[in-house]
Structure formats: C-alpha cells, structure tokens
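Asker:
Protein chains: 2
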Amino acid sequence: MNIILASTSTLFGGNYLEYLKEELAKLYQGIDEITFIPFARPGGISHEAYTEKAKDFFNQLKINVRGLHEFEDKKKAIIDAQAFFTGGGNTFLLVKSLQEQELMTVLKTNIEQGKPYLGCSAGSNIGGLNMKTTNDMPIVYPQSFDCMALVPFNLNPHYLDPNPDLKHNGETRETRIREFLTQNNVKVVGLREGNWIRRWNDLITVEGSELTRIFEPGIEPYEVVPGTRLS
Amino acid sequence: MNIILASTSTLFGGNYLEYLKEELAKLYQGIDEITFIPFARPGGISHEAYTEKAKDFFNQLKINVRGLHEFEDKKKAIIDAQAFFTGGGNTFLLVKSLQEQELMTVLKTNIEQGKPYLGCSAGSNIGGLNMKTTNDMPIVYPQSFDCMALVPFNLNPHYLDPNPDLKHNGETRETRIREFLTQNNVKVVGLREGNWIRRWNDLITVEGSELTRIFEPGIEPYEVVPGTRLS
Chain A
1 MNIILASTST LFGGNYLEYL KEELAKLYQG IDEITFIPFA RPGGISHEAY TEKAKDFFNQ
61 LKINVRGLHE FEDKKKAIID AQAFFTGGGN TFLLVKSLQE QELMTVLKTN IEQGKPYLGC
121 SAGSNIGGLN MKTTNDMPIV YPQSFDCMAL VPFNLNPHYL DPNPDLKHNG ETRETRIREF
181 LTQNNVKVVG LREGNWIRRW NDLITVEGSE LTRIFEPGIE PYEVVPGTRL S
Chain B
232 MNIILASTST LFGGNYLEYL KEELAKLYQG IDEITFIPFA RPGGISHEAY TEKAKDFFNQ
292 LKINVRGLHE FEDKKKAIID AQAFFTGGGN TFLLVKSLQE QELMTVLKTN IEQGKPYLGC
352 SAGSNIGGLN MKTTNDMPIV YPQSFDCMAL VPFNLNPHYL DPNPDLKHNG ETRETRIREF
412 LTQNNVKVVG LREGNWIRRW NDLITVEGSE LTRIFEPGIE PYEVVPGTRL S
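Listed in order, the protein sequences are those of chains A and B.
Its first residue numbered 1, the first sequence is counted upward by one per residue in the working numbering.
Its first residue numbered 232, the second sequence is counted upward by one per residue in the working numbering.
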C-alpha cells in the first residue's frame, strides 16, 4: 500500500495542502489523475466547489482531479481510478455516504492493490479500523462504525492537548480517548496538526513536525517522534 | 412533566451540582429517594462510586439516592421510582446501555407521568429528540440515535463559543451544529455551562446565568436571555 493519512488538510495560517506538497509529489508519482471523494462535506461548499479546491492545488503538481460525485457508476469509477484523495468534513456523513453507495469495500480493495491514497481528517479516519475515535458530531446515523482498516489502529486527527486556561467542564481529547480504551481493545494514534501517517508497503510510520501521542490499552499514553514505526 | 436538563453538573471551580441546589430543591420537592442512572460513565469511576457522589450531594437536601445498577429488575425499579437523575459521561455509552436493557421507553413513560427528572450533560442529551448534537466521542455503536423527546428539540450541552486565539483547524461547535442543520430539520439549543432547560408541564424555558444560543434551520443562530420560552 502507498498511503498518507493526514491530521488536517490545512495548517493554521497556511494554504490548502501546502505543507504536504513535497510528500504528495512522492505519493502520487507517475499519476495523471486523482479521483477525489468529496462526501464528507455537509454544507457551505458543494461537491463541485470542494473538488475545484482540490483541483486548484493539484494543478501545481500537474495532476488532474475528478470528483467521484461526477460519475454515474461510482464503483466502476473507483475500479478505473489511478489514485484517490478523500477530503475532510464530517466522518459520520462520509461513512454513511460510502456505505449507502456500497463504495467502502471497493475503495479498500483498490487501495490495497497499491493505488495511492491520501486522506485528510475525516478521510484519514476511514483509513483506521473504525471511526469510534473521530471528533465529529454524529449528525447522521451510519450503518456501522467500521472503516477500511488500511492501518491496524485507529486515528484521532486534529489531536489537541488539554488547555489549562480553559474554564470549561467538557472532556479533554485525552479523556475521550481513554474512555474509548475502556470499551475497545484498539490502539489510537493522536495525530496533531502538522503530522501524518505514511504507509509504504508494510512500513507504517508517523511523519511531520510534531510529536505524536499514542494511546494503548493498559498503559499510559506516550509520545513518539517523527519517523517512528507504528506497527 | 417536571424536568431539568442541565449543560453541566459542575461549574468551573465549583462543587458537584452546587450551582443547581436551589432549583433541585424545587424539582424534587416531596421526594424521599432519587433513582440515579450512572450508565454514561465509562471509566475512571465505577457505577458505585458515581452513585456515591450523587448521594453525597443529595444528602444536603435530605434525599436518598439509589443507583439503578443496584436493581436486578431495572424496568421494575424505574416503574417503582419516585424521581430520576441521569449523570453525565459519554452519551453513546449511555444510549447503548439504556437500549440494550430496554430502559429508554419505560424511563420516558415514567417521566411523562410527572416524575421529576434531572439530566446533566449526557443525561440532558437523552432528553432531546435525538443524540445527534452530542459532543461525545462515538466509543460504542448504539442501535439508534433516537432519544426520549422530553422536549421538542435537541440540546448541545457544554456549548462553547469559538476561541479566536486557537491556532487549530478543527471545527468550532457552531460549525458542527450548522452541519447538523444541513442534514436535520431540528432546532438545537446551544446550552452554555451555567444554564439549564426547565420544563414544568407544558412550559419550557431556559434558565441560568448565561445567554443561550439557538440554532434553527434556515435562519441565523440567535441568543436568548434566561427565562425565555423555548417552545
């Protein structure tokens, strides 16, 4: 497999996908066209406008982008695709859309065959075992929380450290993930913005500019440096 | 109906339920014993310890507390109960637990008969139409997102305003609720900490120390003052 699962598409103060440009040139080496999956985005931007945004970026790399929503037969479009990119938004909506159109399995199979895959945020969540560690609001009810299992763990994109100044009683991200571990025997990678998971064949590492916080059942959370193998 | 759905159990720097004491004395007037529903709490505190915490507080009001987990026949315990309190934690876990034990409907019926009900955070979410506006992480998969509909809208407990200083690309609470509205024709009450919803027979108001942010399909979000009728 040849995949990147990124915490975020955009760094604070940066442009869309800018910080990943060098990595994406490697991920999509030899590719003419990427099939973009826009289904995570519930409002504010149409599937067309979202696809245009991706297209604008990939123009720089001389790669064309087509939105999966443009194809009548979406399964065939996935089978015919050279490479994929799933944009961020709401993971519940993304998973429900893929399930209803019966696209999750065919997408997984095509990525496992070696077609390059980029996920950002919600698009990264679906690369994990399941979506039970998303930060998103459950605005729609999916048929199940199972995802593509492109990596043998779960992700928490946009991982955020507790803010000691916040006079608020909501749970911290760490508390939420610890609660997940009481109910699930699954490792969780807390992926801070600026970081991504890179899978190349069987080698899975975490990359980027920040430390990454790992949560495993039965042990205290710990930090790993960029370049660390994750399995 | 005679209910309080509170944003949080505890204000920053305060003690458990302290800020609600006067209201709770009115809610539970004439009640000897409250049946406490501890199922939202996934870790860190057992059902017993969680019930003890509620018991400690209600001692001050000379009201006994028994945990629903203590009863073998929980349906009968709900039917026999004088009043209820559902504590906070994870809404997915709470809803799944109530569904698996087939307790949601019997609880709803008993509250609709006029038995006092207090919910905090997750315990408030289940008073809404559905749990699709919870902030919680989907650590388990419930049979559905439907809740008790004790009020004709949804709640967002611990409602939090955007932090302009945060250099982070995750969605704000407002963005999340707007996304919900693209998929659901349901009003959402953004309940800041310090506020609660009070239902007394057919009168539903929002009370507390803060403004409350209301989200409705098709119009811009707006703020209402304490004492405002919500339907």
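Don't be surprised by glycine CBs; every beta carbon is placed ideally from N, CA and C.
1. Run through the region 238-297 of chain B for me and flag every whole beta strand (DSSP E) of 3 or more residues, listed as ranges in chain order.
2. Under 8 Å between C-beta atoms, does A:SER144 make it to chain B?
3. Leaving aside the five residues before and after A:PRO217 along the sequence, list all residues of the same chain whose C-beta is less than 6 Å from its C-beta, in chain order.
4. Would you kindly work out how many angstroms separate the C-alpha atoms of B:LYS392 and B:GLU405, rounded to a whole number?
5. Taking the straight line between their C-alpha atoms, what separation do you get for B:VAL326 and B:CYS378?
6. I need the DSSP call for A:LEU166, collapsed to helix, strand or coil.
7. On the premise that B:VAL420 lies in contact with B:ILE445, defined as a C-beta separation below 8 Å, what is that separation, rounded to the nearest angstrom?
8. Run the CB neighbour count on A:LYS74, radius 10 Å, all protein chains shown included, and call it buried at 16 or more, exposed below.
9. Quick one, which of B:SER462, B:GLU454, B:PRO452 has its alpha-carbon nearest B:THR436's?
10. Return the chain-ordered list of same chain residues with a C-beta closer than 6 Å to the C-beta of A:PHE36, the five sequence neighbours on each side being excluded.
11. Using the Cα positions of B:ARG423 and B:LEU349, report the straight-line distance between them to the nearest angstrom.
12. Counting only runs that start and end within the region 329-403 of chain B, where is the beta strand (DSSP E) found for 3 or more residues in a row?
13. Tell me whether B:GLU410 is buried or exposed, calling it buried when 16 or more other Cβ atoms sit within 10 Å of its Cβ.
14. Verify whether the separation of the beta carbon atoms of A:LYS132 and A:PHE153 is less than 8 Å.
15. Keeping to the same chain, check which residues put their C-beta closer than 8 Å to that of B:ALA256; ignore five residues upstream and five downstream.
16. Taking Cβ to Cβ, would you say A:PRO157 is nearer than 8 Å to A:SER7?
17. Span of the beta strand (DSSP E) holding B:ILE445?
18. Identify whether B:PHE411 lies in helix, strand or coil by the three-state DSSP scheme.
19. Give the DSSP-derived three-state secondary structure of A:ILE219 in the structure shown.
20. Kindly indicate which residue of A:LYS76, A:ASN130, A:GLY88 has the alpha-carbon position closest to the one of A:ILE45.
21. Please compile the residues from chain B whose C-beta is within a distance smaller than 8 Å of the C-beta of A:TYR141.
22. Along the chain, where does the alpha helix (DSSP H) containing A:ASP202 start, and where does it finish?
23. From B:TYR250 to B:PHE288, what distance separates their C-alpha atoms?
24. Among B:PHE376, B:GLN344, B:GLU264, B:TYR390, which residue has its Cα nearest to the Cα of B:GLU441?
25. Three-state secondary structure (DSSP) at A:VAL186?
26. Tell me which residue opens and which closes the beta strand (DSSP E) that B:PHE316 is part of.
27. Please report the straight-line C-alpha distance between B:GLU253 and B:ALA308, rounded to a whole angstrom.
28. Leaving out five residues on either side along the sequence, give the residues of the same chain with a beta carbon under 8 Å from the beta carbon of A:MET137.
29. Can you have a look at B:PHE243 and say buried or exposed, based on whether 16 or more other CB atoms are within 10 angstroms of its CB?
30. Note down the Cα distance separating B:GLN313 from B:TYR372, rounded to an integer number of angstroms.
31. Taking only three categories from DSSP, how would you classify B:VAL455?
32. Scan the region 377-392 of chain B for residues whose Cβ lies nearer than 7 Å to a Cβ of chain A and list them as they occur along the chain.
33. In the structure shown, what three-state DSSP assignment does A:LEU68 receive?
34. For A:LEU203, does the count of other Cβ atoms within 10 angstroms reach 16, so buried, or fall short, so exposed?
35. Pick helix, strand or coil for A:LEU93, following the three-state DSSP scheme.
Answerer: The relevant details are as follows:
1. Those beta strand (DSSP E) runs which fall completely within the region 238-297 of chain B and span 3+ residues are 264-268.
2. Counting from one through the first sequence, the residue named residue 144 of chain A turns up at place 144. Yes, A:SER144 counts as interfacial toward chain B.
3. Position 217 of the first sequence, counting from 1, holds the residue named residue 217 of chain A. These residues qualify, in order along the chain: LEU181, ASN185.
4. Here residue 392 of chain B corresponds to residue number 161 of the second sequence, with the count starting at 1. Here residue 405 of chain B corresponds to residue number 174 of the second sequence, with the count starting at 1. Note on identity: in this sequence residue 392 of chain B is Asp, with Lys being the wrong assignment. Using only the alpha carbons, I get a separation of about 8 Å.
5. Within the second sequence, the letter at position 95 stands for residue 326 of chain B. Within the second sequence, the letter at position 147 stands for residue 378 of chain B. Distance between the alpha carbons of B:VAL326 and B:CYS378 is about 8 Å.
6. Position 166 of the first sequence holds residue 166 of chain A. DSSP places A:LEU166 in coil when its eight states are reduced to three.
7. As a working mapping, residue 445 of chain B is identified with position 214 in the second sequence. As a working mapping, residue 420 of chain B is identified with position 189 in the second sequence. Contact flag correct, Cβ pair sits at about 6 Å.
8. The count along the first sequence starts at 1 and reaches residue 74 of chain A at position 74. Buried is the call here.
9. Translated into positions along the second sequence, residue 436 of chain B becomes position 205. Cα-wise, what sits closest to B:THR436 is B:SER462.
10. If you number the first sequence from 1, residue 36 of chain A lands on position 36. The answer, listed in chain order, is THR51, ALA54, VAL65, GLY67, PHE85.
11. Here residue 423 of chain B refers to the residue found at position 192 of the second sequence. Here residue 349 of chain B refers to the residue found at position 118 of the second sequence. Rounded to whole angstroms, B:ARG423 to B:LEU349 spans 17 Å at the Cα level.
12. 348-351, 385-390
13. As a working mapping, residue 410 of chain B is identified with position 179 in the second sequence. Under this definition B:GLU410 is a buried residue.
14. The residue labelled residue 132 of chain A in the question sits at position 132 within the first sequence. The residue labelled residue 153 of chain A in the question sits at position 153 within the first sequence. It is not a contact, given that the beta carbons lie outside the stated cut-off.
15. Position 25 of the second sequence, counted from the first residue, corresponds to residue 256 of chain B. Taken in chain order, the residues that qualify are LEU292.
16. In the first sequence, counting from the first residue as 1, residue 157 of chain A sits at position 157. In the first sequence, counting from the first residue as 1, residue 7 of chain A sits at position 7. Contact: yes.
17. Position 214 of the second sequence, counted from the start, is the residue given in the question as residue 445 of chain B. Going by DSSP, B:ILE445 is part of the beta strand (DSSP E) stretching over 443-446.
18. By 1-based counting over the second sequence, the position of residue 411 of chain B is 180. Note: B:PHE411 maps to helix in three-state DSSP.
19. Start at 1 with the first residue of the first sequence, and residue 219 of chain A comes out as number 219. Correct three-state label for A:ILE219: coil.
20. Here residue 45 of chain A refers to the residue found at position 45 of the first sequence. The option with the nearest alpha carbon to A:ILE45 is A:GLY88.
21. On the first sequence, position 141 is the one that residue 141 of chain A refers to. LYS363, SER375, PHE376, listed in chain order.
22. For the purposes of this step, residue 202 of chain A is identified with residue 202 of the first sequence, where counting begins at 1. Neither: A:ASP202 is in no alpha helix (DSSP H) and is coded neither H nor E.
23. Translated into the one-based positions of the second sequence, residue 250 of chain B becomes position 19. Translated into the one-based positions of the second sequence, residue 288 of chain B becomes position 57. Going by the C-alpha atoms only, they are around 12 Å apart.
24. Mapped onto the second sequence, residue 441 of chain B falls at position 210. The shortest Cα separation from B:GLU441 among B:PHE376, B:GLN344, B:GLU264, B:TYR390 belongs to B:TYR390.
25. In the first sequence, residue 186 of chain A corresponds to position 186, counting from 1. A:VAL186 falls in the coil class under three-state DSSP.
26. By 1-based counting over the second sequence, the position of residue 316 of chain B is 85. Where B:PHE316 is concerned, the enclosing beta strand (DSSP E) stretches over 315-317.
27. One-based indexing of the second sequence puts residue 253 of chain B at position 22. One-based indexing of the second sequence puts residue 308 of chain B at position 77. Between B:GLU253 and B:ALA308, the C-alpha separation is close to 27 Å.
28. Taking the first sequence and counting its residues from 1, the one referred to as residue 137 of chain A is at position 137. Within the same chain, A:MET137 has close Cβ partners ASN90, PHE92.
29. On the second sequence, position 12 is the one that residue 243 of chain B refers to. With fewer than 16 Cβ atoms within 10 Å of its Cβ, B:PHE243 is classed as exposed.
30. In the second sequence, residue 313 of chain B corresponds to position 82, counting from 1. In the second sequence, residue 372 of chain B corresponds to position 141, counting from 1. For B:GLN313 and B:TYR372, the distance between alpha carbons rounds to 31 Å.
31. Here residue 455 of chain B refers to the residue found at position 224 when the second sequence is read from its first residue. Here B:VAL455 sits in strand by DSSP.
32. HIS389, LEU391
33. Residue numbering aside, residue 68 of chain A sits at position 68 when the first sequence is read from its first letter. In the structure shown, A:LEU68 sits in a helix (DSSP, three-state: H, G or I).
34. Looking up residue 203 of chain A in the first sequence gives position 203. A:LEU203 is exposed by the Cβ-count criterion.
35. Taking the first residue of the first sequence as position 1, residue 93 of chain A is located at position 93. Reduced to three states, the DSSP call for A:LEU93 is helix.
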